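Read through the structure below, which is laid out as structure tokens, and then see the notes.
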Amino acid sequence: MKITVTVNGADYARDVEPRLLLIHFLRDELGLTGSHWGCDTSNCGACVVWLDETPVKSCTVLAVMADGRRVTTVEALAIGTALDPVQEAFAVCHGLQCGFCTPGMMMTARWLLDHNPDPTPEEVREAISGQVCRCTGYENIVRSVLWAAKHDGPAEDEVAADEASGGHQ
Amino acid sequence: MNHAYGPLRRKEDARFIRGQGTYVDDIVLPGMLHGAILRSPLAHARITAVDASAALAHPAVVTVLTGADLAERGLAWMPTLFGDVQAVLATDKVRFQGQEIAFVVATDRYAARDALELIVVDYEPLPPLIDASTALDPGAPVVRDELPGGNHIFDWTAGDKAATDAVFAAADVVVGCAMIYPRSHPAPLETCGAIADYDAVAGKLTLWSTSQAPHAHRMLYAALTGVPEHKVRIVSPDLGGGFGAKVPVYPGYVCAVAASMALGRPVKWVEDRSENLMSTAFARDYHMQGEIAATADGRILGLRARVLADHGAFNAVAQPSKFPAGFFHIFTGSYQTQAAYCEVTGVYTNKAPGGVAYSCSFRITEAVYLVERLTDMLARELGMDPAELRMRNLLRPEQFPYTTPSGWEYDSGDYPRALQLALDMADYPALRREQAERRARGEYMGIGLSFFTEGVGAGPRSHMDIMGLGMADGADLRVHPTGKAVLAISVQTQGQGHETTFAQLVAHELGLSPDDVEVVHGDTDRTPFGLGTYGSRSTPVSGAAAVVAARKVRERARLVAAAMLEAAADDLEWLDGKWRVRGDPDLALGIVEIAKAAHSTLELPAGIEGHLDASAVYNPPNLTFPFGAYICVTDVDPGTGQVKVRRFIAVDDCGVRINPMIVEGQVHRGLADGIGIALMQSISFDEIGNCLSGSFMDYLLPTSLECPSPELGATVTPSPHHPVGAKGIGESATVGSPPAVVNSVVDALAPFGVVHADMPLTPANVWLAIQRSRARTDLPAS
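Top to bottom, those sequences are chains A and B.
Take the first sequence: its letters are residues 40 to 208, numbered as in the working numbering.
Take the second sequence: its letters are residues 8 to 789, numbered as in the working numbering.
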């Protein structure tokens, strides 16, 4: 089937099998390997990307379902060389170890903060509860998202100042 | 004062937070083909025919390998890391559900999967052996009929039986229990996979694979394929977790190698989640009968254990070869005991092979679970508080180094201090008061303790080996003319942050910034030989090698500095990151200046080679013995059996902490493991060997909702024999936390008379434990 998908702002027209999963379309067709495949059963969330404005597990979305829609992946989180506060947060708060779940976690975190800029730890835990991390026990992911909430949007020097006084150097 | 230790943002995160990590499945080579494995639906069956003709006719299929094809090349069987053999593709019969039968190679991954459906296999079903306790019964189905011993793998004992029996005979109190440490799976989020690329012209095999032990794997592939070892290159790129699951060599890797050698093209194989859970390294599956003997006033006298170990269909454990039961005989734990004895019998069953994986420190998980459950049972029997009983029996600081009844020499420890810190952090008396108040209201709150002694950093080489390879690890350090350094190491990170911690180790020794030290790992062409990362070996062994290499560089720098300063080398002292002239500390040279001179036209005294490079091989004199005290607080709903972990207090002592941020992250992970293993993670089978835990819908992993926010504490007791006093931390919490969770749940259920319940403590199992126990003892009889 011929589809056109807007991925990270660029249009891609491809002829794909109807059964092709969105995660494989992104990884194998477009070479966007930041999103990972982990389980097949939408339990782990390593494959979370945004379809239009909503996080989805791209291992259970067909590529053809994205026809005419917008997909946003971890590769679009940073704007140029400017990291999203969520990305900065995961590094500052040691919110990752092996890095495999991290892209999916960050995409969910970005969505959460866009809709709830000042979440409680419980709300963060709820938001990421459909995703699995085998390295962090989630604690530092929660801390990362809360750090990002605190640092969303302010001037860059403010972030830098806070980082100098607070987070790990 | 240069001090490169401390919390430091990880170097590797720069790529991971941008989605720029490179995992095996991210790698695409020109002309690369895709492999998929046909697996057995039956646990035990003779294979009478495999017909791949329809698959071969599929337009996208390039080749199909069967067991018969591999047998022609001598590749149908491969050695395991423990001296057994394992079928790469079955030739005679299948021995577990999910066993590998055929390997399809196609032009894309979907077509390879499609073609699996076209292969016709004729099976002659055999009765399966699923219950390990029946493995040695006369007439039991024989899993390995090609072997002389039937289902029996080994009997192994440790300790002094006569002395232990005497202690038990004289004891006031003996408490015993049968307990199962269920089969679990580490389930790293990235499954196993490989890309094999054989260059027939150069005669060189390159294998990108999910490997925690690239150098050991290189030797195995060389032996298996006949490609000489210097023409085999193993590259282990970023790994999406491992936890022990990526130590063994799996049939899928070998199939990719065989296919690439046959086709002269790169072949990728990546398993799916069901394949991962059903066929790669499981962990535990220890069926234990334990007993503890004590005086009436609560002095532990001895321990006895009888264990049946289910190793599955092939003995594919990855552990030092002199220790068929791993380090299980450390089961006297952290307590003073007069005598101890254990017997372990290993058997084959029709289940997936493996057994040592999942952050277990070679079976110390099972040992700690046994002694910590028995200690709680003893406390219950004696009517003593479990914290008091532990405090009374813990080894005292002045007893170190301490030799246990089963022969381990613990290097250092201050156990009472760690336990007291945990009790203080928890406000233990207040918790017990709260528990009493809640019980009076009919609420079931549990407080579970665990005190563990870990043993990590395997070596020495004379005592510990895998496939005859002694467990010592190398490090190569090169300091460039500008004072920037490259350290090449033998171990392989799976998320532990080696690129940062090892840079800190070297920077600390040389007065450099960690930013100036690049760490190279995961490529056998670029790194020195070593046994790899498992059993928390990296810091204790490879970290020590890095430090020794750095100290060699520092000594070499001293000679160069002496020439530069026209001073005697003996007149120089290393102080605050520089070589300084004694009595005139302003006459000083740092590594950057010395490195420049060492590569320059400066005339050096005879015998000094110049440059600033050094290599080291570290052969650890002993393991290091981290320890910790954990307290888990749970709330249990007796109506549903639901367990909620409310608090987890964890005090860890891993000696000197190089990067405390990374250390704490390791503990966080292990605590989540403990909650998962104790409450939900279990690989189970039905009576005919169907795996009932073959996906994440059935093999439940803890999420952010099950894991509490942990409360961490630390004590620091340096290891006396490690160059910087560090011990390992990678597995401590996985070892120490499951008994704390189970002790907590059993404590919560004490009013029902529950004295033990086996993991996983799922709602159903907790509810059943209540129903099977005596009636509630805290209520008046109606």
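C-beta atoms are modelled at their ideal positions from N, C-alpha and C, and glycine is treated no differently.
Quick caveat: nothing in here was measured; it's all calculated off a predicted structure.
Per the contact definition of three or more C-beta pairs closer than 8 Å, is the segment 185-193 of chain A in contact with the segment 153-162 of chain A?
yes
The beta strand (DSSP E) spanning B/I301 covers which residue range?
Here the sequence assigns Ala to residue 301 of chain B, which means Ile is not the residue at that position. 293-301 is the span of the beta strand (DSSP E), which, as asked, contains B/A301.
Beta carbon of B/G81, beta carbon of B/A97: below 7 Å?
In this structure, B/G81 sits away from B/A97, with a CB-CB distance that is not shorter than 7 Å.
For A/V113, which option in A/A148, A/S74, A/E161 has the closest C-alpha, if you only look at C-alpha atoms?
A/S74
Determine the extent of the beta strand (DSSP E) in which B/C391 is found, giving its start and end residues.
Looking at the sequence shown, residue 391 of chain B is not Cys but Met. Element bounds for B/M391: n/a, residue is neither H nor E.
Given a cut-off of 7 Å on the beta-carbon distance, is the pair B/L494 and B/V463 in contact?
Judged by beta-carbon spacing, B/V463 lies beyond the 7 Å limit of B/L494, meaning their Cβ atoms are not closer than that value.
Would you please state the rounded distance, in angstroms, between the beta carbons of B/C199 and B/T213? I believe it to be under 8 Å.
In fact, because the Cβ distance is near 18 Å, the residues do not count as touching under 8 Å.
How is A/L59 classed by DSSP in three states: helix, strand or coil?
Residue state, collapsed to three classes: coil.
State buried or exposed for B/H10, treating a residue as buried only when at least 16 other CB atoms are found within 10 Å of its CB.
exposed
Mind checking whether B/A602 and B/G617 have CB atoms under 7 Å apart?
no
According to DSSP, B/Q649 sits in a beta bridge with which residue or residues?
B/D644
Taking three-plus beta-carbon pairs below 8 Å as touching, is the segment 117-130 of chain B in contact with the segment 47-57 of chain B?
yes
Strictly below 8 Å CB to CB, what residues from chain B border A/V113?
R25, G26
Between which two residues does the alpha helix (DSSP H) carrying B/Y117 extend?
116-123
Which residues mark the beginning and the end of the beta strand (DSSP E) in which B/Y541 is found?
That residue, B/Y541, is in no beta strand (DSSP E); it is neither H nor E in DSSP.
Would B/Q326 pass as a contact of B/G333 if the rule is Cβ separation under 7 Å?
yes
Counting C-beta neighbours from all protein chains within 10 Å, is the total for B/R5 16 or more, i.e. buried, or is it exposed?
This structure leaves residue 5 of chain B out entirely; chain B is present only between 8 and 789.
What are the boundary residues of the alpha helix (DSSP H) that B/F23 is part of?
20-23
Tell me which residues share the same chain as B/L270 and place their Cβ nearer than 8 Å to its Cβ, disregarding the 5 neighbours each side in the sequence.
L40, V69, T70, V112
Report the neighbours of B/R291 on chain A: residues whose CB is nearer than 8 Å to its CB, in chain order.
Ordered by position in chain A, no residue passes the 8 Å Cβ test against B/R291, which lies about 17 Å from the chain.
I need the straight-line Cα distance from B/S691 to B/R120, nearest angstrom please.
Cα to Cα, B/S691 sits roughly 26 Å from B/R120.
Are any of the Cβ atoms in chain A nearer than 7 Å to that of B/A679?
Chain A, which has a Cβ nearer than 7 Å to the Cβ of B/A679, makes this yes.
Nearest by alpha-carbon distance to B/P408: which of B/G42, B/S341, B/N697, B/G183 is it?
B/S341
Pairwise C-alpha distance: A/V163 and B/T769
25 Å
Would A/F139 and A/A85 be called neighbours here (beta carbons separated by less than 7 Å)?
yes
Starting from the beta carbon of B/S216, find every residue of chain A whose beta carbon is closer than 8 Å, and list them in chain order.
Going along chain A, no residue has its Cβ under 8 Å from B/S216, so there is no contact; the nearest lies around 16 Å.
For a contact meaning CB atoms closer than 9 Å, what does B/R676 contact in chain A?
Q136, C172, R173, C174, T175, G176
Secondary structure at B/A510, three-state DSSP: helix, strand or coil?
Helix, per DSSP.
Less than 7 Å between the beta carbons of B/K18 and B/E506, yes or no?
yes
Below 6 Å CB to CB, which residues in the same chain sit around B/T114 once its five sequence neighbours on both sides are set aside?
Non-local C-beta neighbours of B/T114 in its own chain, meaning closer than 6 Å and more than five positions away in sequence, comprise A67, ordered along the chain.
Looking at the strands, I want to know which residues DSSP matches up with B/G518.
Partner(s): none; B/G518 has no beta bridge.
Are any of the Cβ atoms in chain A nearer than 7 Å to that of B/L708?
Among the residues facing chain A, B/L708 is included, as its CB has a counterpart in that chain under 7 Å away.
Please look up how many angstroms separate the CB atoms of B/K238 and B/L246, rounded, as I've assumed it's under 8 Å.
Between B/L246 and B/K238 the Cβ distance is about 24 Å, and since that is not below 8 Å, they are no contact.
In chain order, what residues of the same chain have a beta carbon less than 8 Å from the beta carbon of B/P195, not counting five sequence neighbours either side?
L246, G247, G248, G249, F250, A252, K253, Q501
If you reduce the DSSP assignment to three classes, tell me which class B/K734 lands in.
coil
4 or more residues per run - each alpha helix (DSSP H) lying fully within the segment 86-159 of chain A:
124-131, 141-154
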